[in-house]
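Residue numbers (my numbering): 7 to 312.
Note that the Cβ used here is the ideal one computed from N, Cα and C, for glycine as well.
What follows is a set of notes on a single structure, which appears directly below.
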(Lines of atoms letter the chains of each structure in order from A; the text may use other names.)
(Lines give C-alpha, C1' and ligand atoms only; values in the text may rest on other atoms or scores of the structure.)
Protein backbone atom coordinates (compact mmCIF):
# COMPACT_ATOMS: atom_id res chain seq x y z
CA UNK A 7 0.00 0.00 0.00
CA UNK A 8 1.28 3.45 -0.87
CA UNK A 9 2.12 5.87 1.90
CA UNK A 10 2.25 9.65 1.86
CA UNK A 11 5.85 10.83 1.92
CA UNK A 12 6.42 14.27 3.38
CA UNK A 13 9.25 16.24 1.80
CA UNK A 14 10.56 19.52 3.16
CA UNK A 15 10.24 22.42 0.77
CA UNK A 16 13.96 23.09 1.22
CA UNK A 17 14.70 19.76 -0.48
CA UNK A 18 12.79 20.92 -3.56
CA UNK A 19 14.19 24.45 -3.62
CA UNK A 20 16.90 23.68 -6.23
CA UNK A 21 14.10 22.82 -8.67
CA UNK A 22 11.90 25.78 -7.76
CA UNK A 23 14.35 28.67 -7.43
CA UNK A 24 16.03 30.95 -9.95
CA UNK A 25 19.85 30.91 -9.77
CA UNK A 26 20.02 34.52 -10.96
CA UNK A 27 17.96 36.16 -8.22
CA UNK A 28 17.88 33.42 -5.57
CA UNK A 29 14.09 33.56 -5.25
CA UNK A 30 11.25 31.30 -6.34
CA UNK A 31 10.35 31.35 -10.03
CA UNK A 32 8.08 34.21 -11.09
CA UNK A 33 6.84 33.98 -14.68
CA UNK A 34 9.04 30.89 -15.16
CA UNK A 35 10.83 30.92 -18.52
CA UNK A 36 12.80 28.00 -20.00
CA UNK A 37 15.67 28.00 -22.49
CA UNK A 38 14.82 25.79 -25.47
CA UNK A 39 18.38 24.51 -26.01
CA UNK A 40 19.15 23.20 -22.51
CA UNK A 41 15.77 23.37 -20.68
CA UNK A 42 17.13 25.38 -17.76
CA UNK A 43 14.54 27.71 -16.23
CA UNK A 44 14.68 31.19 -14.72
CA UNK A 45 12.42 34.09 -13.82
CA UNK A 46 11.35 35.93 -16.96
CA UNK A 47 12.77 39.29 -15.92
CA UNK A 48 16.00 37.69 -14.69
CA UNK A 49 16.80 35.84 -17.92
CA UNK A 50 15.73 38.75 -20.17
CA UNK A 51 18.04 41.14 -18.34
CA UNK A 52 20.86 38.58 -18.34
CA UNK A 53 20.60 38.00 -22.10
CA UNK A 54 21.12 41.70 -22.78
CA UNK A 55 24.82 41.13 -22.14
CA UNK A 56 25.25 37.41 -22.85
CA UNK A 57 24.12 34.75 -25.32
CA UNK A 58 24.94 31.73 -23.16
CA UNK A 59 22.99 29.86 -20.48
CA UNK A 60 23.93 31.05 -16.96
CA UNK A 61 24.07 27.44 -15.73
CA UNK A 62 25.62 25.28 -18.47
CA UNK A 63 27.13 27.89 -20.83
CA UNK A 64 25.41 26.42 -23.89
CA UNK A 65 24.90 28.99 -26.63
CA UNK A 66 21.24 30.02 -26.71
CA UNK A 67 21.35 31.83 -30.06
CA UNK A 68 24.14 33.41 -32.08
CA UNK A 69 22.50 36.81 -32.45
CA UNK A 70 19.00 36.86 -30.87
CA UNK A 71 18.87 34.69 -27.73
CA UNK A 72 15.39 35.93 -26.81
CA UNK A 73 14.03 33.86 -29.71
CA UNK A 74 14.99 30.63 -27.92
CA UNK A 75 13.28 31.14 -24.56
CA UNK A 76 9.70 30.09 -23.78
CA UNK A 77 7.23 30.80 -21.00
CA UNK A 78 6.79 27.69 -18.81
CA UNK A 79 3.25 27.84 -17.39
CA UNK A 80 3.37 24.27 -16.09
CA UNK A 81 6.47 24.90 -13.99
CA UNK A 82 5.02 28.15 -12.68
CA UNK A 83 1.79 26.45 -11.61
CA UNK A 84 3.83 23.82 -9.74
CA UNK A 85 5.78 26.52 -7.91
CA UNK A 86 2.62 28.41 -6.95
CA UNK A 87 1.01 25.24 -5.59
CA UNK A 88 4.05 24.06 -3.64
CA UNK A 89 5.03 27.36 -2.02
CA UNK A 90 2.32 28.56 0.40
CA UNK A 91 1.23 32.16 -0.11
CA UNK A 92 3.56 32.86 -3.05
CA UNK A 93 0.78 33.42 -5.60
CA UNK A 94 -1.23 35.68 -3.30
CA UNK A 95 1.85 37.75 -2.40
CA UNK A 96 2.86 38.11 -6.05
CA UNK A 97 -0.60 39.27 -7.10
CA UNK A 98 -0.58 41.85 -4.29
CA UNK A 99 2.86 43.14 -5.35
CA UNK A 100 1.65 43.60 -8.91
CA UNK A 101 -1.46 45.49 -7.84
CA UNK A 102 0.60 47.71 -5.54
CA UNK A 103 3.08 48.40 -8.34
CA UNK A 104 0.43 49.66 -10.76
CA UNK A 105 -1.19 51.74 -8.01
CA UNK A 106 2.18 53.38 -7.29
CA UNK A 107 2.87 53.87 -11.02
CA UNK A 108 -0.47 54.87 -12.59
CA UNK A 109 1.28 56.24 -15.67
CA UNK A 110 2.27 52.71 -16.74
CA UNK A 111 -0.34 51.15 -19.00
CA UNK A 112 -1.29 47.60 -17.99
CA UNK A 113 -4.51 47.56 -19.98
CA UNK A 114 -3.08 45.29 -22.68
CA UNK A 115 -1.84 42.71 -20.18
CA UNK A 116 -3.73 39.73 -18.80
CA UNK A 117 -5.52 39.75 -15.46
CA UNK A 118 -2.65 37.79 -13.96
CA UNK A 119 -0.10 40.32 -15.18
CA UNK A 120 -2.14 43.08 -13.51
CA UNK A 121 -2.44 41.05 -10.31
CA UNK A 122 -6.22 40.74 -10.58
CA UNK A 123 -6.47 36.95 -10.29
CA UNK A 124 -7.67 35.44 -7.02
CA UNK A 125 -6.56 32.08 -5.59
CA UNK A 126 -10.01 30.66 -6.35
CA UNK A 127 -9.74 31.47 -10.06
CA UNK A 128 -6.25 29.93 -10.26
CA UNK A 129 -7.50 26.88 -8.29
CA UNK A 130 -4.58 27.12 -5.88
CA UNK A 131 -5.28 25.57 -2.47
CA UNK A 132 -3.03 25.93 0.56
CA UNK A 133 -2.61 23.01 2.96
CA UNK A 134 -3.87 25.13 5.88
CA UNK A 135 -7.02 26.19 4.03
CA UNK A 136 -10.46 25.06 5.17
CA UNK A 137 -12.41 23.14 2.52
CA UNK A 138 -16.17 22.66 2.54
CA UNK A 139 -17.25 19.18 1.52
CA UNK A 140 -20.43 17.16 1.30
CA UNK A 141 -20.62 13.47 2.16
CA UNK A 142 -23.47 11.13 1.26
CA UNK A 143 -24.13 7.44 0.84
CA UNK A 144 -23.23 6.11 -2.62
CA UNK A 145 -26.36 5.10 -4.53
CA UNK A 146 -25.68 2.99 -7.61
CA UNK A 147 -28.95 4.19 -9.11
CA UNK A 148 -27.72 7.81 -9.06
CA UNK A 149 -25.18 7.03 -11.77
CA UNK A 150 -28.03 7.34 -14.28
CA UNK A 151 -30.35 5.11 -16.25
CA UNK A 152 -30.07 3.97 -19.85
CA UNK A 153 -31.12 7.43 -21.06
CA UNK A 154 -28.41 9.08 -18.96
CA UNK A 155 -30.97 10.63 -16.61
CA UNK A 156 -30.22 10.92 -12.91
CA UNK A 157 -33.14 10.92 -10.51
CA UNK A 158 -32.73 12.41 -7.04
CA UNK A 159 -35.37 11.80 -4.41
CA UNK A 160 -36.16 13.94 -1.41
CA UNK A 161 -34.85 11.20 0.87
CA UNK A 162 -31.48 11.12 -0.88
CA UNK A 163 -31.12 14.90 -0.50
CA UNK A 164 -31.76 14.64 3.25
CA UNK A 165 -29.01 12.01 3.55
CA UNK A 166 -26.30 14.48 2.49
CA UNK A 167 -24.16 16.01 5.25
CA UNK A 168 -21.77 18.96 5.11
CA UNK A 169 -18.39 19.30 6.81
CA UNK A 170 -15.54 21.80 6.93
CA UNK A 171 -12.10 20.20 7.07
CA UNK A 172 -8.44 21.25 6.60
CA UNK A 173 -7.16 20.77 3.05
CA UNK A 174 -4.37 18.54 4.41
CA UNK A 175 -6.82 16.00 5.86
CA UNK A 176 -6.48 12.57 4.25
CA UNK A 177 -9.13 10.10 3.13
CA UNK A 178 -7.93 7.79 5.89
CA UNK A 179 -8.93 10.42 8.48
CA UNK A 180 -12.34 10.78 6.85
CA UNK A 181 -12.87 7.01 6.90
CA UNK A 182 -11.97 6.88 10.59
CA UNK A 183 -14.39 9.73 11.26
CA UNK A 184 -17.22 7.87 9.51
CA UNK A 185 -16.37 4.61 11.28
CA UNK A 186 -16.36 6.35 14.67
CA UNK A 187 -19.57 8.32 14.16
CA UNK A 188 -21.48 5.37 12.71
CA UNK A 189 -19.95 2.80 15.07
CA UNK A 190 -19.02 0.41 12.25
CA UNK A 191 -17.03 -2.70 13.29
CA UNK A 192 -13.61 -3.28 11.77
CA UNK A 193 -14.98 -6.31 9.94
CA UNK A 194 -16.63 -3.91 7.50
CA UNK A 195 -14.85 -1.83 4.90
CA UNK A 196 -15.59 1.86 4.25
CA UNK A 197 -14.80 3.30 0.83
CA UNK A 198 -14.79 7.04 0.19
CA UNK A 199 -15.46 7.94 -3.42
CA UNK A 200 -15.47 10.85 -5.84
CA UNK A 201 -18.43 10.22 -8.15
CA UNK A 202 -18.05 6.45 -8.76
CA UNK A 203 -14.27 6.22 -8.28
CA UNK A 204 -12.84 4.96 -4.94
CA UNK A 205 -10.17 7.18 -3.39
CA UNK A 206 -6.96 5.92 -1.80
CA UNK A 207 -6.21 6.56 1.86
CA UNK A 208 -3.17 8.78 1.30
CA UNK A 209 -5.04 11.32 -0.87
CA UNK A 210 -5.61 14.65 0.86
CA UNK A 211 -8.58 16.90 0.15
CA UNK A 212 -6.12 19.22 -1.60
CA UNK A 213 -4.98 16.33 -3.84
CA UNK A 214 -8.58 15.49 -4.75
CA UNK A 215 -9.38 19.12 -5.54
CA UNK A 216 -6.38 19.29 -7.91
CA UNK A 217 -6.82 15.85 -9.51
CA UNK A 218 -10.53 16.25 -10.21
CA UNK A 219 -10.33 20.00 -10.98
CA UNK A 220 -12.74 21.11 -8.28
CA UNK A 221 -13.73 24.68 -9.18
CA UNK A 222 -15.09 25.80 -5.79
CA UNK A 223 -18.56 26.33 -7.23
CA UNK A 224 -19.95 24.27 -4.35
CA UNK A 225 -18.81 21.89 -1.59
CA UNK A 226 -16.37 19.17 -2.65
CA UNK A 227 -18.78 16.29 -3.43
CA UNK A 228 -17.72 12.99 -1.83
CA UNK A 229 -19.59 9.73 -1.37
CA UNK A 230 -19.02 6.61 0.69
CA UNK A 231 -20.19 3.02 0.83
CA UNK A 232 -19.90 0.25 3.42
CA UNK A 233 -19.05 -3.28 2.34
CA UNK A 234 -18.31 -6.56 4.06
CA UNK A 235 -14.64 -7.27 4.54
CA UNK A 236 -12.57 -9.72 2.53
CA UNK A 237 -11.88 -13.28 3.58
CA UNK A 238 -9.75 -13.62 6.70
CA UNK A 239 -6.02 -14.11 6.27
CA UNK A 240 -3.97 -15.76 8.98
CA UNK A 241 -0.86 -13.79 9.86
CA UNK A 242 2.34 -15.82 10.21
CA UNK A 243 3.64 -14.32 13.47
CA UNK A 244 0.93 -13.44 16.03
CA UNK A 245 1.88 -10.99 18.77
CA UNK A 246 1.85 -11.88 22.47
CA UNK A 247 0.17 -15.21 21.86
CA UNK A 248 -2.92 -13.61 20.33
CA UNK A 249 -4.54 -14.96 17.20
CA UNK A 250 -4.52 -12.21 14.59
CA UNK A 251 -6.80 -11.99 11.59
CA UNK A 252 -6.62 -9.46 8.79
CA UNK A 253 -9.71 -7.92 7.24
CA UNK A 254 -10.11 -5.44 4.41
CA UNK A 255 -11.58 -2.94 6.83
CA UNK A 256 -8.90 -3.30 9.54
CA UNK A 257 -7.06 -5.74 11.83
CA UNK A 258 -8.87 -7.52 14.65
CA UNK A 259 -7.09 -9.31 17.50
CA UNK A 260 -8.75 -12.31 19.08
CA UNK A 261 -7.28 -13.54 22.34
CA UNK A 262 -8.45 -16.02 24.88
CA UNK A 263 -7.66 -13.57 27.70
CA UNK A 264 -9.98 -10.85 26.36
CA UNK A 265 -9.45 -7.18 27.12
CA UNK A 266 -10.52 -3.77 25.88
CA UNK A 267 -7.81 -3.68 23.25
CA UNK A 268 -9.22 -6.71 21.47
CA UNK A 269 -12.25 -6.60 19.21
CA UNK A 270 -14.65 -9.52 19.34
CA UNK A 271 -14.39 -11.30 16.00
CA UNK A 272 -17.11 -13.89 16.65
CA UNK A 273 -20.34 -13.01 14.80
CA UNK A 274 -22.37 -15.05 17.28
CA UNK A 275 -20.94 -13.32 20.35
CA UNK A 276 -22.82 -10.33 21.82
CA UNK A 277 -21.55 -6.94 20.72
CA UNK A 278 -19.69 -4.85 23.30
CA UNK A 279 -20.73 -1.55 21.69
CA UNK A 280 -24.02 0.30 21.74
CA UNK A 281 -24.31 0.22 17.95
CA UNK A 282 -27.70 -0.44 16.42
CA UNK A 283 -26.08 -1.72 13.25
CA UNK A 284 -26.97 -5.21 12.01
CA UNK A 285 -24.84 -8.12 13.11
CA UNK A 286 -21.57 -8.55 11.16
CA UNK A 287 -22.90 -11.95 10.10
CA UNK A 288 -25.36 -10.12 7.83
CA UNK A 289 -24.20 -8.41 4.68
CA UNK A 290 -24.58 -4.64 4.64
CA UNK A 291 -24.37 -4.22 0.88
CA UNK A 292 -26.48 -6.67 -1.10
CA UNK A 293 -27.30 -4.66 -4.19
CA UNK A 294 -27.52 -1.18 -5.63
CA UNK A 295 -30.68 -0.58 -3.58
CA UNK A 296 -28.68 -0.25 -0.32
CA UNK A 297 -29.43 2.98 1.51
CA UNK A 298 -28.54 4.92 4.62
CA UNK A 299 -31.28 3.22 6.60
CA UNK A 300 -28.66 0.67 7.64
CA UNK A 301 -26.77 3.40 9.49
CA UNK A 302 -28.95 5.39 11.90
CA UNK A 303 -25.83 6.94 13.46
CA UNK A 304 -25.30 9.11 10.41
CA UNK A 305 -27.91 11.57 11.64
CA UNK A 306 -25.69 12.30 14.65
CA UNK A 307 -22.79 13.52 12.54
CA UNK A 308 -22.01 17.15 13.28
CA UNK A 309 -22.83 19.32 10.30
CA UNK A 310 -21.64 22.69 9.14
CA UNK A 311 -23.71 24.85 6.84
CA UNK A 312 -21.80 26.74 4.21
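Can you tell me the Cα-Cα spacing of residue i and residue j, whole angstroms?
i	j	result
residue 210	residue 15	18 Å
residue 44	residue 23	8 Å
residue 74	residue 59	11 Å
residue 206	residue 214	10 Å
residue 108	residue 130	29 Å
residue 122	residue 232	45 Å
residue 27	residue 212	30 Å
residue 88	residue 48	21 Å
residue 167	residue 134	22 Å
residue 156	residue 145	In this predicted model, residue 156 has a pLDDT of only 48, less than 50, meaning its place in the structure is not dependable enough to derive any value.
residue 190	residue 118	48 Å
residue 142	residue 165	6 Å
residue 17	residue 180	29 Å
residue 169	residue 182	14 Å
residue 79	residue 185	42 Å
residue 30	residue 21	9 Å
residue 218	residue 201	10 Å
residue 100	residue 52	22 Å
residue 116	residue 13	34 Å
residue 90	residue 132	6 Å
residue 120	residue 11	37 Å
Identify the residues that DSSP records as bridge partners of residue i: which are they?
i	result
residue 138	170
residue 228	141
residue 196	232
residue 96	Answer by DSSP bridge pairing: none, since residue 96 is not bridged.
residue 210	176
residue 204	199
Is residue j closer than 9 Å to residue i when the C-beta atoms are compared?
i	j	result
residue 188	residue 228	no
residue 77	residue 57	no
residue 1	residue 136	Past the boundaries of the shown model lies residue 1; the chain is included only from 7 to 312, so the question cannot be answered.
residue 61	residue 25	yes
residue 50	residue 72	yes
residue 34	residue 92	no
residue 139	residue 204	no
residue 235	residue 208	no
Is residue i a contact residue of the ligand ATP, with contact defined as CB to any heavy atom under 8 Å?
i	result
residue 174	By its list of ligands, the structure shown contains no ligand whatsoever, and the ligand ATP lies outside what it can speak to.
*Kindly confirm or deny that the segment 90-102 and the segment 173-187 touch, where touching means at least three C-beta pairs closer than 8 Å.*
no
_Just to confirm the assignment: which complete beta strand (DSSP E) runs, minimum length 3, are found wholly within the segment 21-79?_
34-37, 43-45, 75-77
_Any 3 or more C-beta pairs closer than 8 Å across the segment 28-45 and the segment 64-72_ = yes
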